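The numbering of the sequence shown is this note's numbering, which starts it at 4 and goes up by one.
Below is one structure, written out as structure tokens; comments come after it.
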Amino acid sequence: MTISAGDVVVIPAGVLHGFRKILDQITYPNIRIDPDQVFPRDTYIQILSEQHDLVSSTSIDST
4 MTISAGDVVV
14 IPAGVLHGFR
24 KILDQITYPN
34 IRIDPDQVFP
44 RDTYIQILSE
54 QHDLVSSTSI
64 DST
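Have a look at this one:
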């Protein structure tokens, strides 16, 4: 899987994961949301969707 700026990756608890190949420098937030599953599923999906929309609508100037 290749991920790019603006992508949101959800990794379920207990799933082993890591980076296979990093082509350049990366910066990423590590956010752990609701590990005890207190939020209803629909609320969780809404939060992720809003965050993705926020990141996707942000323009990044690389100059």
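Built from N, CA and C at the ideal position, the CB exists for glycine as well.
This structure is a prediction, so every number in the text was calculated from the model and none was measured.
Coarse secondary structure for residue i, derived from DSSP in three states
i, result
"residue 7", "coil"
"residue 44", "helix"
"residue 19", "coil"
"residue 29", "coil"
"residue 50", "helix"
Cβ neighbours of residue i in the same chain (closer than 6 Å, five flanking residues each side left out)
i, result
"residue 20", "14"
Contacts around residue i, its chain only, beta-carbon distance under 8 Å, and the 5 residues preceding and following it disregarded
i, result
"residue 38", "16"
Beta-carbon contacts of residue i that lie in its chain and below 7 Å, excluding the five residues immediately before and after
i, result
"residue 6", "12"
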